[in-house]
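Engineer: Residue numbers (our numbering): 2 to 101.
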Amino acid sequence: VMAEAAIGLNFTVPATLKGSTTDDELNVALNIKSLDDFSPDSVARQVPEVNKLLELREALTALKGPMGNLPAFRTQLQALLENEESREQLLKEIGQVSNK
Numbered sequence: 002v003m004a005e006a007a008i009g010l011n012f013t014v015p016a017t018l019k020g021s022t023t024d025d026e027l028n029v030a031l032n033i034k035s036l037d038d039f040s041p042d043s044v045a046r047q048v049p050e051v052n053k054l055l056e057l058r059e060a061l062t063a064l065k066g067p068m069g070n071l072p073a074f075r076t077q078l079q080a081l082l083e084n085e086e087s088r089e090q091l092l093k094e095i096g097q098v099s100n101k
């Protein structure tokens, strides 16, 4: 029902992101198709400047996941190196990457 109504909000807000001057403003255009569009995450995804920050946060979280558990990473790497077949496969893959 809300999608059919084509509800939208257009307004400006003060830009408080780092690097913005005190006079900067962000133009915000929100498209409301469901109640979920009122969630903070959904609103942030519709503002390009804030969406870039969300994407950066997600990338850092994805990087932190595997690197945050280094003992488990070392254990897995050790298991790969102890197995002759997996060690040869790993060496082939490293060689392919270094040849590019």
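Glycine included, each C-beta is placed from N, C-alpha and C at the ideal position. Keep in mind that this is a model prediction, so the values were computed, not measured.
1) Would the region 30-43 count as touching the region 3-20 if we require 3 or more Cβ pairs under 8 Å?
2) If you drop the 5 nearest sequence neighbours on each side, which residues of the same chain put their C-beta closer than 8 Å to that of E50?
3) What's the gap between the Cα of K53 and the Cα of E86?
4) Among residues of its own chain, excluding the 5 on either side of I8, which ones have a beta-carbon nearer than 7 Å to its beta-carbon?
5) In three-state terms, what does DSSP make of V44?
6) Taking 6 Å as the limit between beta carbons, can you name the residues of its chain near T13, skipping five residues before and five after?
Structural biologist: So, to answer that:
1) yes
2) A16, L18 and L27
3) 42 Å
4) I33
5) helix
6) E26 and N28
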